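One structure is given below, encoded as structure tokens.
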Amino acid sequence: MKDQSPKPKKCGTAAFMGNYLTNEDDTSYHMGPSILMLWRKCDGNKTIEELAKLMSEESTDTPEKEHTSPVIKEILDILEEKKLISYMKCKGS
15 MKDQSPKPKK
25 CGTAAFMGNY
35 LTNEDDTSYH
45 MGPSILMLWR
55 KCDGNKTIEE
65 LAKLMSEEST
75 DTPEKEHTSP
85 VIKEILDILE
95 EKKLISYMKC
105 KGS
């Protein structure tokens, strides 16, 4: 059976040394390092659970920083609201 889990794909571009993400509407947002790291991993092939595992393994934050699936989902919801990820095909992808 094919995996039907959501697989977010990044939209937009990173600018100004990667600290700002700009969506297709040319609106830019300054993002923290963990959010930028997560955004870069959204390639449309990884599920939320896979992203959470990667973030936990690669995090340089303090040990108490949790990257559980619910936390990752909340961050992805913010990125989706700002049109920086999509669960469907993005322009130019």
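Residues in the sequence shown are numbered consecutively from 15, following the numbering used here.
We put the CB at the ideal spot given by N, CA and C, even for glycine.
Everything numeric in this text was worked out from a predicted model, so none of it was measured.
- In the structure shown, the three-state DSSP call for L98 is coil.
- Closest by C-alpha distance to Y43, out of I92, E71 and N59, is I92.
- Around the beta-carbon of A66, 16 or more other beta-carbon atoms lie within 10 Å, marking it buried.
- By the neighbour-count definition (other C-beta atoms within 10 Å, threshold 16), P22 is a buried residue.
- Per the coordinates, the alpha-carbon of T41 lies some 16 Å from the alpha-carbon of L50.
- Per DSSP, the continuous alpha helix (DSSP H) segment holding S48 begins and ends at P47 to K55.
- Scanning its chain for C-beta atoms nearer than 7 Å, with the 5 sequence neighbours on each side dropped, one finds around N59 the residues K21, in chain order.
- By the Cβ neighbour-count rule, S100 is buried, with 16 or more other Cβ atoms within 10 Å of its own.
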